[in-house]
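Undergrad:
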Amino acid sequence: MIIARARCSLWGVILIGLLILAGLPGCSRPDPENTINIAGSSSVQPLSEELANAFMDDNPGIFINVAGGGSSAGIKAAKDGTADIGASSRELSKDEEKGLVMIPIAIDGIAIVVNPENPVKNLTLEQIRGIYAGEITDWKEVGGREGDINAFTREEGSGTRGAFEALVMKGSRISSKVGVQNSTGSLRTAVAGDPQAVAYISLGNVNDSVKVLAVEGVTPRGETIKNGSYKLARYFYYLTKEQPREIAKQFIDFVLSPEGQQIVGEVFVPVK
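Residue 2 is where the sequence shown starts when you use the numbering used here, and the numbers rise one by one after that.
1) What are the start and end residues of the beta strand (DSSP E) that includes residue 103?
2) At the level of alpha carbons, what is the spacing between residue 256 and residue 202?
3) Where do the N-terminal and C-terminal ends of the beta strand (DSSP E) with residue 151 fall, by residue?
4) Work out the CA separation of residue 82 and residue 242 for me, nearest whole Å.
5) So, is residue 23 buried or exposed, given that buried needs 16 or more other C-beta atoms within 10 angstroms?
6) For the beta strand (DSSP E) that residue 199 lies in, which residues bound it at each end?
7) Which residues share a DSSP beta bridge with residue 241?
8) Hey, quick one: how far does the beta strand (DSSP E) through residue 37 stretch, first residue to last?
9) Assuming the contact rule is C-beta atoms closer than 8 Å, residue 164 and residue 111 should be a hit. Round their C-beta distance to whole Å, please.
10) Would you please state the rounded distance, in angstroms, between the beta carbons of residue 90 and residue 44? I believe it to be under 8 Å.
11) If I measure Cβ to Cβ from residue 122 and keep anything under 7 Å in the same chain, skipping five residues before and after, which residues do I get?
12) Measuring alpha carbon to alpha carbon, tell me which residue in 193, 271, 239, 225 is nearest residue 119.
13) Helix, strand or coil for residue 78, going by three-state DSSP, please let me know.
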(Lines of atoms letter the chains of each structure in order from A and count residues from 1; the text may use other names and numbers.)
(Lines give C-alpha, C1' and ligand atoms only; values in the text may rest on other atoms or scores of the structure.)
Protein backbone atom coordinates (compact mmCIF):
# COMPACT_ATOMS: atom_id res chain seq x y z
CA MET A 1 0.00 0.00 0.00
CA ILE A 2 2.84 2.34 0.75
CA ILE A 3 4.31 1.63 -2.68
CA ALA A 4 0.93 2.26 -4.35
CA ARG A 5 0.56 5.59 -2.59
CA ALA A 6 4.09 6.58 -3.69
CA ARG A 7 3.27 5.74 -7.28
CA CYS A 8 0.02 7.69 -7.15
CA SER A 9 1.84 10.62 -5.63
CA LEU A 10 4.48 10.53 -8.37
CA TRP A 11 1.90 10.39 -11.15
CA GLY A 12 0.05 13.24 -9.53
CA VAL A 13 3.16 15.42 -9.59
CA ILE A 14 3.78 14.55 -13.26
CA LEU A 15 0.15 15.30 -14.17
CA ILE A 16 0.22 18.65 -12.40
CA GLY A 17 3.50 19.48 -14.17
CA LEU A 18 2.03 18.65 -17.57
CA LEU A 19 -1.04 20.75 -16.89
CA ILE A 20 1.14 23.70 -15.89
CA LEU A 21 3.26 23.35 -19.05
CA ALA A 22 0.17 23.10 -21.23
CA GLY A 23 -1.04 26.38 -19.80
CA LEU A 24 2.15 28.28 -20.61
CA PRO A 25 1.89 30.57 -23.68
CA GLY A 26 5.15 29.27 -25.19
CA CYS A 27 3.95 25.66 -25.02
CA SER A 28 0.67 26.08 -26.90
CA ARG A 29 0.57 25.29 -30.59
CA PRO A 30 -0.06 28.27 -32.90
CA ASP A 31 -3.49 28.36 -34.51
CA PRO A 32 -3.00 27.74 -38.27
CA GLU A 33 -5.69 30.33 -38.98
CA ASN A 34 -3.60 32.93 -37.16
CA THR A 35 -0.22 31.85 -38.56
CA ILE A 36 1.62 33.52 -41.44
CA ASN A 37 4.29 31.45 -43.21
CA ILE A 38 7.07 33.32 -45.04
CA ALA A 39 9.72 31.47 -47.08
CA GLY A 40 12.43 32.36 -49.58
CA SER A 41 15.53 34.48 -49.92
CA SER A 42 18.13 34.05 -47.16
CA SER A 43 19.14 37.69 -47.75
CA VAL A 44 15.59 38.85 -46.96
CA GLN A 45 15.18 36.41 -44.06
CA PRO A 46 16.87 38.50 -41.30
CA LEU A 47 14.81 41.55 -42.27
CA SER A 48 11.61 39.46 -42.31
CA GLU A 49 12.45 38.19 -38.82
CA GLU A 50 12.89 41.74 -37.49
CA LEU A 51 9.63 42.87 -39.07
CA ALA A 52 7.81 39.75 -37.86
CA ASN A 53 8.97 40.25 -34.28
CA ALA A 54 7.79 43.88 -34.27
CA PHE A 55 4.42 42.89 -35.78
CA MET A 56 3.89 40.03 -33.30
CA ASP A 57 4.65 42.38 -30.41
CA ASP A 58 1.73 44.53 -31.56
CA ASN A 59 -0.47 41.54 -32.47
CA PRO A 60 0.06 38.82 -29.84
CA GLY A 61 -2.63 36.58 -31.33
CA ILE A 62 -0.74 36.17 -34.62
CA PHE A 63 2.32 33.95 -35.13
CA ILE A 64 4.75 34.45 -38.06
CA ASN A 65 7.05 31.64 -39.15
CA VAL A 66 10.04 32.83 -41.26
CA ALA A 67 12.13 30.36 -43.27
CA GLY A 68 14.89 30.67 -45.87
CA GLY A 69 15.58 28.37 -48.80
CA GLY A 70 16.49 30.88 -51.51
CA SER A 71 14.52 33.16 -53.83
CA SER A 72 13.55 30.42 -56.27
CA ALA A 73 12.16 28.36 -53.39
CA GLY A 74 10.24 31.42 -52.18
CA ILE A 75 8.72 31.99 -55.61
CA LYS A 76 7.67 28.33 -55.81
CA ALA A 77 6.25 28.37 -52.26
CA ALA A 78 4.13 31.44 -53.03
CA LYS A 79 2.84 29.85 -56.26
CA ASP A 80 2.12 26.48 -54.63
CA GLY A 81 0.44 28.09 -51.65
CA THR A 82 2.81 26.34 -49.22
CA ALA A 83 3.77 29.81 -47.95
CA ASP A 84 1.49 32.79 -47.49
CA ILE A 85 4.34 35.08 -48.53
CA GLY A 86 7.36 34.27 -50.67
CA ALA A 87 10.52 36.39 -50.40
CA SER A 88 12.76 37.15 -53.36
CA SER A 89 15.93 39.21 -53.65
CA ARG A 90 15.88 39.22 -57.44
CA GLU A 91 13.61 40.17 -60.30
CA LEU A 92 11.24 37.47 -61.53
CA SER A 93 11.05 36.14 -65.06
CA LYS A 94 7.80 36.63 -66.98
CA ASP A 95 6.83 33.01 -66.39
CA GLU A 96 7.58 33.29 -62.66
CA GLU A 97 5.48 36.45 -62.37
CA LYS A 98 2.30 34.75 -63.63
CA GLY A 99 -0.28 34.49 -60.87
CA LEU A 100 1.83 36.35 -58.32
CA VAL A 101 1.60 39.82 -56.79
CA MET A 102 5.06 41.41 -56.39
CA ILE A 103 5.43 43.87 -53.53
CA PRO A 104 8.74 45.78 -53.16
CA ILE A 105 9.59 46.15 -49.47
CA ALA A 106 13.22 47.36 -49.44
CA ILE A 107 16.24 48.23 -51.59
CA ASP A 108 19.49 46.42 -50.84
CA GLY A 109 23.08 46.84 -51.93
CA ILE A 110 25.14 43.82 -52.93
CA ALA A 111 28.41 44.29 -51.06
CA ILE A 112 31.72 42.94 -52.34
CA VAL A 113 33.52 41.70 -49.24
CA VAL A 114 37.05 40.54 -48.46
CA ASN A 115 38.92 39.50 -45.36
CA PRO A 116 39.88 42.46 -43.11
CA GLU A 117 43.57 41.59 -43.66
CA ASN A 118 43.26 42.25 -47.40
CA PRO A 119 44.73 45.69 -48.30
CA VAL A 120 42.55 46.11 -51.43
CA LYS A 121 39.96 48.89 -50.97
CA ASN A 122 38.31 49.24 -54.38
CA LEU A 123 37.48 47.13 -57.43
CA THR A 124 35.98 48.10 -60.76
CA LEU A 125 33.05 46.20 -62.22
CA GLU A 126 35.39 44.91 -64.93
CA GLN A 127 37.80 43.57 -62.30
CA ILE A 128 35.01 41.86 -60.35
CA ARG A 129 33.72 40.31 -63.58
CA GLY A 130 37.24 39.12 -64.43
CA ILE A 131 37.69 37.54 -61.00
CA TYR A 132 34.43 35.61 -61.19
CA ALA A 133 34.98 34.60 -64.82
CA GLY A 134 38.34 33.11 -63.82
CA GLU A 135 40.35 35.61 -65.88
CA ILE A 136 41.92 37.40 -62.88
CA THR A 137 43.37 34.91 -60.42
CA ASP A 138 45.99 36.80 -58.36
CA TRP A 139 45.41 39.72 -55.98
CA LYS A 140 48.47 41.55 -57.36
CA GLU A 141 46.53 42.02 -60.63
CA VAL A 142 44.08 44.30 -58.81
CA GLY A 143 46.49 46.17 -56.55
CA GLY A 144 46.77 43.69 -53.70
CA ARG A 145 49.48 41.45 -52.33
CA GLU A 146 50.63 38.54 -54.46
CA GLY A 147 48.49 35.48 -53.82
CA ASP A 148 45.68 33.40 -55.29
CA ILE A 149 42.18 34.89 -55.26
CA ASN A 150 39.71 32.52 -53.62
CA ALA A 151 36.34 33.68 -54.93
CA PHE A 152 33.04 32.44 -53.52
CA THR A 153 29.53 32.59 -54.97
CA ARG A 154 26.00 31.54 -54.08
CA GLU A 155 24.33 28.45 -55.50
CA GLU A 156 22.17 28.40 -58.64
CA GLY A 157 18.67 29.65 -57.82
CA SER A 158 19.88 32.17 -55.24
CA GLY A 159 18.36 35.60 -55.71
CA THR A 160 21.61 37.29 -54.75
CA ARG A 161 23.47 35.25 -57.35
CA GLY A 162 20.85 36.10 -59.97
CA ALA A 163 21.16 39.81 -59.21
CA PHE A 164 24.97 39.60 -59.19
CA GLU A 165 24.99 37.87 -62.57
CA ALA A 166 22.66 40.50 -64.04
CA LEU A 167 24.50 43.51 -62.58
CA VAL A 168 28.11 42.32 -62.83
CA MET A 169 28.62 39.36 -65.13
CA LYS A 170 26.65 40.82 -68.07
CA GLY A 171 26.39 37.48 -69.87
CA SER A 172 29.78 36.10 -68.79
CA ARG A 173 29.61 32.84 -66.85
CA ILE A 174 30.87 32.40 -63.32
CA SER A 175 33.87 30.05 -63.47
CA SER A 176 33.41 26.48 -62.26
CA LYS A 177 36.52 27.04 -60.11
CA VAL A 178 34.67 29.57 -57.93
CA GLY A 179 33.61 28.06 -54.59
CA VAL A 180 29.88 27.71 -53.96
CA GLN A 181 28.13 28.40 -50.64
CA ASN A 182 24.41 27.90 -50.03
CA SER A 183 23.67 30.88 -47.79
CA THR A 184 24.69 34.47 -47.15
CA GLY A 185 25.98 33.49 -43.73
CA SER A 186 28.24 30.75 -45.07
CA LEU A 187 29.70 33.15 -47.66
CA ARG A 188 30.51 35.64 -44.92
CA THR A 189 32.07 32.90 -42.79
CA ALA A 190 34.20 31.71 -45.71
CA VAL A 191 35.60 35.21 -46.26
CA ALA A 192 36.13 35.85 -42.55
CA GLY A 193 38.31 32.74 -42.31
CA ASP A 194 40.39 33.22 -45.46
CA PRO A 195 42.70 36.24 -46.10
CA GLN A 196 42.65 35.45 -49.85
CA ALA A 197 38.86 35.23 -50.19
CA VAL A 198 36.30 37.48 -51.86
CA ALA A 199 32.51 37.14 -52.02
CA TYR A 200 29.33 39.14 -52.55
CA ILE A 201 26.62 39.36 -49.87
CA SER A 202 23.63 41.49 -48.95
CA LEU A 203 24.74 44.76 -47.36
CA GLY A 204 22.32 44.03 -44.54
CA ASN A 205 24.34 40.94 -43.60
CA VAL A 206 27.72 42.66 -43.35
CA ASN A 207 29.44 42.62 -39.96
CA ASP A 208 32.92 43.29 -38.56
CA SER A 209 34.23 39.89 -39.65
CA VAL A 210 34.53 41.11 -43.27
CA LYS A 211 35.60 44.29 -45.07
CA VAL A 212 33.37 45.99 -47.65
CA LEU A 213 35.06 47.20 -50.85
CA ALA A 214 34.15 50.29 -52.83
CA VAL A 215 33.01 49.53 -56.39
CA GLU A 216 34.06 52.04 -59.04
CA GLY A 217 35.16 54.25 -56.14
CA VAL A 218 31.71 54.27 -54.45
CA THR A 219 31.08 52.66 -51.05
CA PRO A 220 27.68 51.00 -50.57
CA ARG A 221 25.49 52.77 -48.00
CA GLY A 222 21.96 54.12 -47.82
CA GLU A 223 22.69 57.40 -49.57
CA THR A 224 24.71 55.93 -52.47
CA ILE A 225 22.17 53.17 -53.04
CA LYS A 226 19.25 55.59 -52.99
CA ASN A 227 20.86 58.08 -55.40
CA GLY A 228 22.03 55.33 -57.76
CA SER A 229 25.76 56.08 -57.55
CA TYR A 230 26.39 52.60 -56.13
CA LYS A 231 25.54 50.33 -59.05
CA LEU A 232 25.08 46.98 -57.31
CA ALA A 233 21.59 47.45 -55.89
CA ARG A 234 18.40 45.39 -56.11
CA TYR A 235 14.90 45.27 -54.65
CA PHE A 236 13.64 42.88 -52.01
CA TYR A 237 10.16 41.57 -52.84
CA TYR A 238 7.33 39.89 -50.99
CA LEU A 239 5.25 37.66 -53.26
CA THR A 240 1.69 36.49 -52.76
CA LYS A 241 -0.64 34.31 -54.80
CA GLU A 242 -3.15 36.82 -56.15
CA GLN A 243 -4.34 38.94 -53.24
CA PRO A 244 -3.06 37.83 -49.81
CA ARG A 245 -5.46 36.54 -47.15
CA GLU A 246 -6.46 38.95 -44.42
CA ILE A 247 -3.71 38.46 -41.82
CA ALA A 248 -0.97 38.27 -44.48
CA LYS A 249 -2.24 41.54 -45.94
CA GLN A 250 -2.28 43.01 -42.44
CA PHE A 251 1.40 42.11 -42.04
CA ILE A 252 2.38 43.47 -45.47
CA ASP A 253 0.52 46.70 -44.73
CA PHE A 254 2.59 46.96 -41.54
CA VAL A 255 5.83 46.38 -43.49
CA LEU A 256 4.94 49.26 -45.84
CA SER A 257 3.77 51.54 -43.02
CA PRO A 258 6.01 54.27 -41.54
CA GLU A 259 6.78 51.97 -38.58
CA GLY A 260 7.71 49.05 -40.81
CA GLN A 261 9.76 51.16 -43.21
CA GLN A 262 11.61 52.66 -40.25
CA ILE A 263 12.73 49.11 -39.37
CA VAL A 264 13.73 48.57 -43.02
CA GLY A 265 15.73 51.80 -42.95
CA GLU A 266 17.90 50.65 -40.04
CA VAL A 267 19.94 48.54 -42.48
CA PHE A 268 18.39 48.83 -45.95
CA VAL A 269 16.84 51.62 -48.04
CA PRO A 270 13.07 52.04 -47.54
CA VAL A 271 10.78 51.96 -50.56
CA LYS A 272 8.42 54.55 -49.01
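Note that CB positions come from ideal geometry on N, CA and C, so glycine has one too.
TA: In short:
1) 101 to 115
2) 23 Å
3) 151 to 155
4) 7 Å
5) Because the pLDDT of residue 23 is 45, which lies under 50, any placement of that residue in the model is unreliable, and the question is left without a value.
6) 198 to 203
7) 102
8) 36 to 41
9) 6 Å
10) 4 Å
11) 214, 215
12) 193
13) helix
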